[in-house]
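Under the working numbering, the sequence shown has 278 at position 102, and the numbering climbs by one with no breaks. Since the structure comes first, as structure tokens, the remarks are kept for the end.
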Amino acid sequence: LYAARKAVPGHAFSPDTHWQQEFEHAFEWELTPDQRTAVADIKGDMESPSTMDRLLCGDVGYGKTEVAMRAAFKAAMDSKQVAFLAPTTVLAFQHVKTLKDRFAAFPVRIDMLSRFRSKAEQKVTLDDLAAGKVEIIVGTHRLLSKDVQFRDLGLLVVDEEQRFGVAHKERIKQMRKKVDVLTMTATPIPRTLNMSLVGIRDMSVIETPPKDRL
177 LYAARKAVPG HAFSPDTHWQ QEFEHAFEWE LTPDQRTAVA DIKGDMESPS
227 TMDRLLCGDV GYGKTEVAMR AAFKAAMDSK QVAFLAPTTV LAFQHVKTLK
277 DRFAAFPVRI DMLSRFRSKA EQKVTLDDLA AGKVEIIVGT HRLLSKDVQF
327 RDLGLLVVDE EQRFGVAHKE RIKQMRKKVD VLTMTATPIP RTLNMSLVGI
377 RDMSVIETPP KDRL
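Have a look at this one:
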């Protein structure tokens, strides 16, 4: 699978736009050195023609989500869709809130798929997703169902990959062949770490705690 991904050219994202700079300046905190390095690594991966498969490790509250949101914004600016995969409904809900707050000033539509939404609401979201009207979709493993169709998926962000089951992981792997993937974790499982150490997957580590963080 990984050899196939290297062989198949992916989408090379465009360099940062003026809006990207505005989006990044709107962040109310100072980026930590590790965050800045991770952002640069991810942008480099996205702009290269081969598909990204990067593991982003960092403790809870060390700013992994902000790094992922910058990648999501970059993808949205290139008219690509972004899927944000979270292991629990509560986490998906938190991500939606964070994303909506952060993207409020920009014309990017963010929606959610989870069991909190009624069948009718889910159908509207799925139709809009297939038509390309939703740029960023957040959801639990519901996003991996067969009825979820994207018009042009460019980036998959997986939060806490180790909490997904084998069947879900297989589905994520299939998506990995042609889509840039960013996996965030505070506690990487041994196999994932091993893959990073042998160079199959790239890894960025955020070790610097944010200012005033004890």
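Don't be surprised by glycine CBs; every beta carbon is placed ideally from N, CA and C.
- V357, enclosing beta strand (DSSP E) - first and last residue: Annotation: the continuous beta strand (DSSP E) that includes V357 extends over D356 to T361.
- Message: I need the DSSP call for Q325, collapsed to helix, strand or coil.
- Response: The answer is coil: DSSP assigns Q325 none of H, G, I, E or B.
- Message: Among the candidates T274, A259 and E337, whose CA atom is the shortest distance from the CA of A306?
- Response: Per the Cα distances, A259.
- Could you round the C-beta distance between P385 and Y178 to whole angstroms and report it? I think they count as a contact, below 8 Å. About 33 Å separates the beta carbons of P385 and Y178, which is beyond the 8 Å limit, so they are not a contact pair.
- Item | Beta-carbon spacing of S380, R212 below 8 Å | Not a contact, by the Cβ cut-off of 8 Å.
- Item | Which residues DSSP lists as bridging A259, in chain order | Paired residues: I313 and L332.
- Short check: CB of G315 to CB of A247, under 8 Å? At least 8 Å separates the beta-carbon of G315 from that of A247.
- Task: My understanding is that M228 touches V333, with C-beta atoms under 8 Å, so please give their C-beta distance in whole angstroms.
- Result: Under the criterion of beta carbons closer than 8 Å, M228 and V333 do not qualify as touching, at roughly 11 Å.
- Query: Does DSSP classify P406 as helix, strand or coil?
  - Reply: No information on residue 406 is available, as it lies outside the stretch 177 to 390 that the chain covers here.
- Where does V342 sit, in a helix, a strand or coil, going by DSSP? Residue state, collapsed to three classes: helix.
- Whole angstroms is fine: what's the gap from Q158's alpha carbon to S190's? Within the shown structure, residues of the chain are numbered from 177 to 390, placing residue 158 beyond reach of any answer.
- Just to confirm, are K353 and V243 a CB contact at a threshold of 8 Å? Not a contact, by the Cβ cut-off of 8 Å.
- Short Cβ contact (8 Å threshold) for A336 with P263: In the sequence as displayed, the identity of residue 336 is Glu instead of Ala. Yes, Cβ-Cβ distance for E336 and P263 is below 8 Å.
- Within 8 Å, strictly: CB atoms of I376 and T208: Taking 8 Å as the Cβ cut-off, I376 and T208 do not qualify as a contacting pair.
- Touching by the beta-carbon criterion (3+ pairs, under 8 Å), the region 278-295 and the region 317-331: A contact exists between the region 278-295 and the region 317-331.
- Message: Beta-carbon within less than 6 Å of V355's beta-carbon, same chain only, minus the 5 sequence neighbours each way: which residues are those?
- Response: Only residues of its own chain outside the window of five on either side were considered, and among them L329 and L332 have a CB closer than 6 Å to the CB of V355, listed in chain order.
- Message: Whole angstroms are fine: how far does the CA of K295 sit from the CA of V338?
- Response: For clarity, residue 338 is Gln in the given sequence; the question names Val instead. C-alpha separation (whole angstroms): 28 Å.
- Query: At which residue ranges does the region 192-259 contain complete alpha helix (DSSP H) runs of 4 or more residues, listed in the order of the chain?
  - Reply: Here the runs fully enclosed are 194-201, 209-223 and 240-253.
- Which residue comes first and which comes last in the alpha helix (DSSP H) that contains V300? Annotation for V300: the continuous alpha helix (DSSP H) segment containing it runs K295 to A307.
- Apart from the five residues on each side of it in sequence, which residues of its chain come closer than 6 Å, Cβ to Cβ, to D217? Result list for D217: S380, in chain order.
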